[in-house]
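S.K.:
Numbering (our numbering), first residue to last: 20 to 284.
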């Protein structure tokens, strides 16, 4: 009963509405009190969970930590994937702008500077280095080797160096070579988008399967079996909760690995 009461208190702390009238009166009495000093909902929720640390069994906290770590890892992977696609798309747009300037008669250094001015930071750093090497007559490959490059741009940087070297060595039009590099990046982005769309169905199925134990708990509570009490209030239930959480995370990780391999093929 104590555990349920503390959980309800933590949820109430998260949902508690701000008392605007009290804040106004406090500001009138003490002007030094600022809004940033007021507790935020996340901080209030975290403080509300502190008493649970002393009453909840260690296995329950371990299961919660595993779920939190798995959720953070999934969110970080999705964010890194979207960021990589955005960076490669920005590289393709910058190369397109550079090709347009080169075909209009602009020198390579000026075309690279103009494209870097409208590009995002990782792409702009590469193009600024290319512009500096072109203006001073240096080696583009050696210059770019000293520039820290994001992982999604490593292949594009290698193609850019190869195109520049071919243009200087054999006198090929630089605009055509850079346009070929841009088309390769666009083709890779199109293939990645199609593969991600094809894997959306299996990923949704994996998410449904991972959520089925939660629906099973709700069904058990509705039937009067009280599985939540067994999992949180008994030692054998705590062990089963930790084991089930580990199995869910292992299955989700394996499903993500399979769908990632399917998208790369």
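Glycine included, each C-beta is placed from N, C-alpha and C at the ideal position.
How should residue 165 be labelled, buried or exposed, when 16 other C-beta atoms within 10 angstroms of its C-beta is the threshold for buried?
M.R.: With fewer than 16 Cβ atoms within 10 Å of its Cβ, residue 165 is classed as exposed.
S.K.: Which residue's Cα is closest to the Cα of residue 118: 246, 202, 157, 197?
M.R.: Closest by alpha carbon: 197.
S.K.: Hey, residue 82 and residue 261 are a contact pair by Cβ (cut 8 Å); roughly how many whole angstroms apart?
M.R.: Yes, residue 82 and residue 261 are in contact; Cβ-Cβ is about 5 Å, under 8 Å.
S.K.: For a test of the three-state rule: what should DSSP assign to residue 226, helix, strand or coil?
M.R.: DSSP places residue 226 in helix when its eight states are reduced to three.
S.K.: Starting from the Cα of residue 271, find the closest Cα among 180, 191, 257, 232 and give me that residue.
M.R.: Out of 180, 191, 257, 232, 232 has the C-alpha closest to the C-alpha of residue 271.
S.K.: Starting from residue 245, trace the alpha helix (DSSP H) both ways and give me its first and last residue.
M.R.: Run containing residue 245: none; DSSP gives neither H nor E here.
S.K.: Hey, how far is the Cα of residue 184 from the Cα of residue 109?
M.R.: Approximately 23 Å, taken between the alpha carbons.
S.K.: How would you label residue 146, buried or exposed, when you count the other beta carbons within 10 angstroms and need 16 or more for buried?
M.R.: So residue 146 counts as buried.
S.K.: Taking one C-beta from the segment 236-256 and one from the segment 200-208 each time, how about it: are there three or more such pairs within less than 8 Å?
M.R.: As far as the Cβ criterion goes, the segment 236-256 does not touch the segment 200-208, which means the pair count is below three.
S.K.: With residue 200 and residue 176 assumed to form a contact (beta carbons below 8 Å), what rounded beta-carbon distance in angstroms separates them?
M.R.: With a Cβ gap of about 10 Å, residue 200 and residue 176 do not count as contacting.
S.K.: If you measure between the beta carbons of residue 150 and residue 172, is that distance less than 9 Å?
M.R.: Their beta carbons are not under 9 Å apart, which means residue 150 does not touch residue 172 by this criterion.
S.K.: For residue 158, name the three-state secondary structure that DSSP assigns.
M.R.: Coil.
S.K.: From residue 41 to residue 278, what distance separates their C-alpha atoms?
M.R.: Note that residue 41 scores 45 on pLDDT, short of 50, meaning its location in the model is unreliable and no value can be drawn from it.
S.K.: Give every residue of the same chain whose Cβ lies closer than 7 Å to the Cβ of residue 213, excluding the five residues on either side of it in the sequence, and list them in chain order.
M.R.: Within the same chain, residue 213 has no close Cβ partners at all.
S.K.: Apart from the five residues just before and just after residue 91, which ones in its own chain have a Cβ nearer than 7 Å to its Cβ?
M.R.: If we look at residue 91 and ignore the five residues flanking it on each side, it has no Cβ neighbours.
S.K.: Threshold first: 3 residues or longer. Then list the beta strand (DSSP E) segments lying entirely within the segment 189-221, N to C.
M.R.: None, since the segment 189-221 contains no complete beta strand (DSSP E) of that length.
S.K.: Quick one: residues in its chain with C-beta nearer than 6 Å to the C-beta of residue 153, no 5 flanking neighbours on either side, listed in chain order?
M.R.: Hits under 6 Å: 127, 128.
S.K.: Any idea if residue 137 is buried or exposed, counting beta-carbon neighbours within 10 angstroms, 16 or more meaning buried?
M.R.: Exposed.
S.K.: If you follow the alpha helix (DSSP H) that residue 127 is in, where does it begin and where does it stop?
M.R.: Here the alpha helix (DSSP H) through residue 127 covers 127-136.
S.K.: Return the CA-CA distance between residue 104 and residue 256, expressed in angstroms with no decimal places.
M.R.: Approximately 44 Å, taken between the alpha carbons.
S.K.: List the endpoints of the continuous alpha helix (DSSP H) containing residue 170.
M.R.: Premise fails: residue 170 is in no alpha helix (DSSP H) and is neither H nor E.
S.K.: Closest by CA to residue 8, which one among 158, 203, 167, 163?
M.R.: The structure shown does not extend to residue 8, since the chain spans only 20 to 284, so no value can be given for it.
S.K.: Take residue 319 and list the residues in its own chain whose beta-carbon comes closer than 7 Å to its own, dropping the five residues that flank it on each side.
M.R.: Since the first and last residues shown for the chain are 20 and 284, residue 319 lies out of range.
S.K.: Nearest to residue 225 by CA position, among 217, 215, 143, 275, is which residue?
M.R.: Nearest option by C-alpha distance: 275.
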